[in-house]
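Enquirer: For the sequence shown, position 410 matches number 409 in numbering that gives the first Met the number 0, and the numbering has no gaps at all.
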Amino acid sequence: MAKRSDDRQVSYGSGQYTSQNRPPGGFGRPGGRGGGRAAMMMPKEKAKDARGTLLRLWRYLSRQKWALLLSFLLVLGSSLVSLISPLFIGRAIDAIVPGPGAVDFARLRLIIVTMLAVYVVSAASSWLQNFVMVGISQRTVHDLRRDLFDKLQRLPLRFFDSKTHGEVMSRLANDVENVSNTLTSSTTQVFQSLIAVVGSLTAMILLSPLLTILSLITIPIGILISRQIINRTRDMFMTQQRELGNLNGYIEEMVTGHKVVKAFVREPETSAQFNEINQRLRTASIKAQVFSGLIPPLMNVINNLSFALVAGAGGWLAVQGAITVGVIASFLNYSRQFARPINGIANQINMLQSALAGAERVFEIMDEPDEMPDAPDAITPEVKGDVRFDNISFGYVPDVPVLKNVSLHAKPGQTIALVGPTGAGKTTVVNLLMRFYDVDEGAVSIDGHDIRKFKKDYLRRSMGMVLQDTYLFSGTVKENIRYGRLDATDEEIVAAAKMANAHTFIERLPDGYNTVLTSDGGNLSQGQRQLLTIARAILADPSILILDEATSSVDTRTEAEIQKAMLSLMQGRTAFVIAHRLSTIREADEILVINRGEIIERGTHEELLAARGFYYDLYNTQFTRRSRVTA
Numbered sequence: 000m001a002k003r004s005d006d007r008q009v010s011y012g013s014g015q016y017t018s019q020n021r022p023p024g025g026f027g028r029p030g031g032r033g034g035g036r037a038a039m040m041m042p043k044e045k046a047k048d049a050r051g052t053l054l055r056l057w058r059y060l061s062r063q064k065w066a067l068l069l070s071f072l073l074v075l076g077s078s079l080v081s082l083i084s085p086l087f088i089g090r091a092i093d094a095i096v097p098g099p100g101a102v103d104f105a106r107l108r109l110i111i112v113t114m115l116a117v118y119v120v121s122a123a124s125s126w127l128q129n130f131v132m133v134g135i136s137q138r139t140v141h142d143l144r145r146d147l148f149d150k151l152q153r154l155p156l157r158f159f160d161s162k163t164h165g166e167v168m169s170r171l172a173n174d175v176e177n178v179s180n181t182l183t184s185s186t187t188q189v190f191q192s193l194i195a196v197v198g199s200l201t202a203m204i205l206l207s208p209l210l211t212i213l214s215l216i217t218i219p220i221g222i223l224i225s226r227q228i229i230n231r232t233r234d235m236f237m238t239q240q241r242e243l244g245n246l247n248g249y250i251e252e253m254v255t256g257h258k259v260v261k262a263f264v265r266e267p268e269t270s271a272q273f274n275e276i277n278q279r280l281r282t283a284s285i286k287a288q289v290f291s292g293l294i295p296p297l298m299n300v301i302n303n304l305s306f307a308l309v310a311g312a313g314g315w316l317a318v319q320g321a322i323t324v325g326v327i328a329s330f331l332n333y334s335r336q337f338a339r340p341i342n343g344i345a346n347q348i349n350m351l352q353s354a355l356a357g358a359e360r361v362f363e364i365m366d367e368p369d370e371m372p373d374a375p376d377a378i379t380p381e382v383k384g385d386v387r388f389d390n391i392s393f394g395y396v397p398d399v400p401v402l403k404n405v406s407l408h409a410k411p412g413q414t415i416a417l418v419g420p421t422g423a424g425k426t427t428v429v430n431l432l433m434r435f436y437d438v439d440e441g442a443v444s445i446d447g448h449d450i451r452k453f454k455k456d457y458l459r460r461s462m463g464m465v466l467q468d469t470y471l472f473s474g475t476v477k478e479n480i481r482y483g484r485l486d487a488t489d490e491e492i493v494a495a496a497k498m499a500n501a502h503t504f505i506e507r508l509p510d511g512y513n514t515v516l517t518s519d520g521g522n523l524s525q526g527q528r529q530l531l532t533i534a535r536a537i538l539a540d541p542s543i544l545i546l547d548e549a550t551s552s553v554d555t556r557t558e559a560e561i562q563k564a565m566l567s568l569m570q571g572r573t574a575f576v577i578a579h580r581l582s583t584i585r586e587a588d589e590i591l592v593i594n595r596g597e598i599i600e601r602g603t604h605e606e607l608l609a610a611r612g613f614y615y616d617l618y619n620t621q622f623t624r625r626s627r628v629t630a
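Below, the structure written as structure tokens:
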């Protein structure tokens, strides 16, 4: 059981968590370490619709109908050529059997040359067909992966708060790759096997109806066994894919938080938890692979039994003069060609179970409801920054309110500070303002317009947000700052960095603004990363600023300098500041004290101190603690 500082408890094995007032994942914090740290809390898998999944995959494949047609024509040609081979083998044997003196060498040479040509054509067709099918498979998976990634961009924040990062990545990478491998190897093989079965059966009937009946006796037994195994392995492969996603999610979380693991000396517990999940994956994989592996040996036993029956009966018929030795040889080859595809179909269907498990997991995400779309008459008015919360109530979980009857009014250019204990609902206020979530009751309005009438993209571009949890992308320093406004010039980037007090340390980097950052800015300090995210927000030049613990990761001197820059930046803009350091919000026009989802006090810094209430106690406690630390 992992205990989180925000009152959440997460159990990786059972998938249980509790949250008093915040949902899994740390809302409104891109790249937040929670990211849906409900790790492995996937519900028990329901029965899946294999037919529906196949139809949806076919819709992707059918986009390349001409390439598919070419591939199937090549498969048809290759299969028909292969079906001719046993006839030539039988004729070659019949040309030799009468004895050395009666052998027709001219005819034998012609048969051998023809057989060689047939094999060459068959091999060339198979290679070309495989080449075409690889292209079809990769283009199909390219479209599938693209659509899945596009879908992820349209999903609401609530989805990511209920899934681990690694679990989502597993669906985008492992499950899609699983589909790719199966499409490449299985699609044409099933078609080829069907042609071989029909063609071989036709040839067998023409050669000897009696031997055909004998060879078909064992087929129902093989089909029954294969069907029973396939029905069971499907659920096993679903379990295997689910546990693989769980493992990926845990690895992602532990690698991201490796410093915390080491700081609290939790390596043994982390390894034990990993071993537990890894063991579940091992058990699930063994069951799926071993059970599915029963098909080939069982089918071989059945086929060998059929071969023995045909060989014995064929020998007796040859002695009776009913058929020739060459016919027996041809028939045995056809019986092999008939049995082998049946084995192949069974194996391919078995492989398809794993691919369907992955495809279903992909389509599960695609079937998730998109973020609430904009209204048809969505508006894009000029944002001046008059913000109102009118009697707002909201909860991430039904019947568990986080905010209760909250009302506030921020006039254009005002700075509103939100303070209170952890989990009081401060971040939820700005999440509602950004429309990461919609209110349950009441309304949020900007300049007199309900924000639900705004275009989301326009609304969010009108705001700048600096979070406590920083996130930087792999790329240069310049590119990370420019993320705030992609058309910004280099001069504007430098000006924003100077305003955020980041220019000095950037200049000291090996390549200055062209220094390449590792993932999430791992080669910078936490304070430096925060300064870059502040510069990014400054560059965006928004009408409304949201600062969620924006200076919590910098030293006191840097904090003071950033505060000066922020005060200058906030001139003429509406700003919402969430701060634990109460010294940083003394100049706010109004301070709202939130506790247990309600605003219990409001006023300026001096007014709240004079009231000697909750804020007074909070401020003095913090001041006393800081004085002790300084002493």
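Don't be surprised by glycine CBs; every beta carbon is placed ideally from N, CA and C.
Applying the criterion that 16 or more other CB atoms from any shown protein chain within 10 Å of the CB defines a buried residue, is Q152 buried or exposed?
Expert: Residue mapping note: residue 152 aligns to position 153 of the sequence shown, counting from 1. The residue is exposed, with fewer than 16 neighbouring Cβ atoms inside 10 Å.
Enquirer: In this structure, does DSSP put A321 in helix, strand or coil?
Expert: Residue 321 sits at position 322 when you count from the first residue of the sequence shown. Correct three-state label for A321: coil.
Enquirer: What runs of the alpha helix (DSSP H), each 4 residues or longer, lie entirely inside the segment 416-468?
Expert: For the segment 416-468, whole alpha helix (DSSP H) runs of length 4 or above, ordered along the chain, are 425-432, 455-460.
Enquirer: So, is E606 buried or exposed, given that buried needs 16 or more other C-beta atoms within 10 angstroms?
Expert: Translated into the one-based positions of the sequence shown, residue 606 becomes position 607. With fewer than 16 Cβ atoms within 10 Å of its Cβ, E606 is classed as exposed.
Enquirer: Compare the Cα-Cα distances from L402 to each of G412, I391, F148, Y615 and report the closest residue.
Expert: Locating residue 402 in the sequence shown gives position 403, where the first residue counts as 1. Checked all of G412, I391, F148, Y615; the closest Cα to L402 is I391.
Enquirer: CA-CA distance, A494 and L53?
Expert: Here the question's residue 494 lines up with position 495 in the sequence shown. Here the question's residue 53 lines up with position 54 in the sequence shown. Rounded to whole angstroms, A494 to L53 spans 55 angstroms at the Cα level.
Enquirer: Report yes or no: do three or more beta-carbon pairs, one from the segment 236-255 and one from the segment 272-290, lie closer than 8 angstroms?
Expert: With a cut-off of 8 angstroms, the segment 272-290 and the segment 236-255 count as touching, because enough Cβ pairs lie within range.
Enquirer: Straight-line CA distance for L617 to K410?
Expert: The residue given as residue 617 occupies position 618 in the sequence shown. The residue given as residue 410 occupies position 411 in the sequence shown. Going by the C-alpha atoms only, they are around 26 angstroms apart.
Enquirer: Taking 7 angstroms as the threshold (C-beta atoms), are Y333 and P85 in contact?
Expert: As a working mapping, residue 85 is identified with position 86 in the sequence shown. As a working mapping, residue 333 is identified with position 334 in the sequence shown. In contact: P85 and Y333 (Cβ atoms closer than 7 angstroms).
Enquirer: Using CA atoms only, rank isn't needed, just tell me which of E548, I224, A609 is closest to A416.
Expert: One-based indexing of the sequence shown puts residue 416 at position 417. Taking only the C-alpha atoms, the option nearest A416 is E548.
Enquirer: Take P296 as the anchor and find which of L308, L351, G221 has the nearest alpha-carbon.
Expert: The residue you call residue 296 lines up with position 297 of the sequence shown. Residue G221 is the option with its Cα nearest to P296.
Enquirer: To the nearest angstrom, how far is the alpha carbon of V131 from that of Q191?
Expert: For the purposes of this step, residue 131 is taken as residue 132 along the sequence shown, with counting starting at 1. For the purposes of this step, residue 191 is taken as residue 192 along the sequence shown, with counting starting at 1. Using only the alpha carbons, I get a separation of about 15 angstroms.
Enquirer: Between I92 and G325, how many whole angstroms is the CB-CB distance? I'm expecting something under 8 angstroms.
Expert: The sequence position of residue 92 within the sequence shown is 93, counting from 1. The sequence position of residue 325 within the sequence shown is 326, counting from 1. Sure, about 4 angstroms apart at Cβ, within 8 angstroms.
Enquirer: DSSP state of S524, grouped into three classes?
Expert: Sequence index remark: in the sequence shown, residue 524 carries index 525 (1-based). Correct three-state label for S524: coil.
Enquirer: Return the Cβ separation of L516 and V465 in integer angstroms, given the expectation that the two are a contact with Cβ distance under 8 angstroms.
Expert: Here residue 516 corresponds to residue number 517 of the sequence shown, with the count starting at 1. Here residue 465 corresponds to residue number 466 of the sequence shown, with the count starting at 1. L516 to V465, Cβ: 18 angstroms. No contact.
Enquirer: Looking at L538: is its Cβ nearer than 7 angstroms to the Cβ of A487?
Expert: Here residue 538 corresponds to residue number 539 of the sequence shown, with the count starting at 1. Here residue 487 corresponds to residue number 488 of the sequence shown, with the count starting at 1. Taking 7 angstroms as the Cβ cut-off, L538 and A487 qualify as a contacting pair.
Enquirer: Are the Cβ atoms of G357 and Q467 separated by less than 7 angstroms?
Expert: Taking the first residue of the sequence shown as 1, we reach residue 357 at position 358. Taking the first residue of the sequence shown as 1, we reach residue 467 at position 468. It is not a contact, given that the beta carbons lie outside the stated cut-off.
Enquirer: Considering G256, what are the terminal residues of the alpha helix (DSSP H) in which it resides?
Expert: Numbered from its first residue, the sequence shown carries residue 256 at position 257. From DSSP, G256 is part of no alpha helix (DSSP H); its letter is neither H nor E.
Enquirer: For the candidate residues I228, M203, L75, L304, whose alpha-carbon lies nearest to that of I348?
Expert: On the sequence shown, residue 348 is found 349 positions in, with the first residue counted as 1. It is I228 whose Cα lies nearest to the Cα of I348.
Enquirer: Below 7 angstroms between beta carbons: does that hold for I204 and T211?
Expert: Along the sequence shown, one-based indexing puts residue 204 at 205. Along the sequence shown, one-based indexing puts residue 211 at 212. Yes, Cβ-Cβ distance for I204 and T211 is below 7 angstroms.
Enquirer: Would you mind reading off the limits of the beta strand (DSSP E) that contains V264?
Expert: Reading the sequence shown from its first residue, position 265 is the one you call residue 264. Unbroken run through V264: none, as it is neither H nor E.
Enquirer: D398: buried (16+ other C-beta within 10 angstroms of its C-beta) or exposed?
Expert: Walking along the sequence shown from the start, residue 398 turns up at place 399. The residue is exposed, with fewer than 16 neighbouring Cβ atoms inside 10 Å.
Enquirer: What residue range is occupied by the uninterrupted alpha helix (DSSP H) comprising F158?
Expert: As a position in the sequence shown, residue 158 is number 159, starting the count at 1. Start and end: 156-159.
Enquirer: Taking just the CA atoms, how far does S121 sit from L206?
Expert: Indexing the sequence shown from 1 puts residue 206 at position 207. Indexing the sequence shown from 1 puts residue 121 at position 122. When rounded, the distance between both Cα atoms is 23 angstroms.
Enquirer: Measure from the alpha carbon of R339 to the alpha carbon of each residue in F306, V429, V175, Y395, then state which is nearest.
Expert: Here residue 339 corresponds to residue number 340 of the sequence shown, with the count starting at 1. Closest by alpha carbon: F306.
Enquirer: May I ask which residues mark the beginning and end of the alpha helix (DSSP H) holding G412?
Expert: Taking the first residue of the sequence shown as position 1, residue 412 is located at position 413. Neither: G412 is in no alpha helix (DSSP H) and is coded neither H nor E.
Enquirer: Taking only three categories from DSSP, how would you classify L407?
Expert: The sequence position of residue 407 within the sequence shown is 408, counting from 1. In this structure, L407 counts as strand in the three-state DSSP scheme.
Enquirer: Using the Cβ count rule (16 or more neighbours within 10 Å means buried), how would you classify G89?
Expert: Your numbering for residue 89 matches position 90 in the sequence shown. Buried is the call here.
Enquirer: Please state whether DSSP places N390 in a helix, a strand or coil.
Expert: Numbered from 1 along the sequence shown, position 391 holds the residue referred to as residue 390. Strand at N390.
Enquirer: Buried or exposed for P400, going by 16 or more other Cβ atoms inside 10 Å?
Expert: Mapped onto the sequence shown, residue 400 falls at position 401. Buried is the call here.
Enquirer: State the start and end residues of the unbroken beta strand (DSSP E) segment that holds G602.
Expert: Residue 602 sits at position 603 when you count from the first residue of the sequence shown. That run of the beta strand (DSSP E) goes 597-602.
Enquirer: Runs of 4 residues minimum, wholly inside the segment 152-203: which ones carry the alpha helix (DSSP H) assignment?
Expert: The segment 152-203 contains these whole alpha helix (DSSP H) runs: 156-159, 164-169.
Enquirer: What does a CB cutoff of less than 8 angstroms around F337 pick up in its chain, not counting 5 residues either side in sequence?
Expert: Numbered from its first residue, the sequence shown carries residue 337 at position 338. Same-chain partners within the cutoff: A195, V196, S199, L200, M203, S214.
Enquirer: Where in the segment 211-236 do unbroken runs of the alpha helix (DSSP H), each at least 4 residues long, occur, reported from the N-terminal end onward?
Expert: Those alpha helix (DSSP H) runs which fall completely within the segment 211-236 and span 4+ residues do not exist here.
Enquirer: Name the two residues that bound the continuous alpha helix (DSSP H) containing N513.
Expert: Walking along the sequence shown from the start, residue 513 turns up at place 514. No alpha helix (DSSP H) contains N513, which DSSP labels as neither H nor E.
Enquirer: Considering only C-alpha positions, which residue in the set R62, I577, Q562 is nearest to T421?
Expert: Your numbering for residue 421 matches position 422 in the sequence shown. Ranking the options by Cα distance to T421, first place goes to I577.
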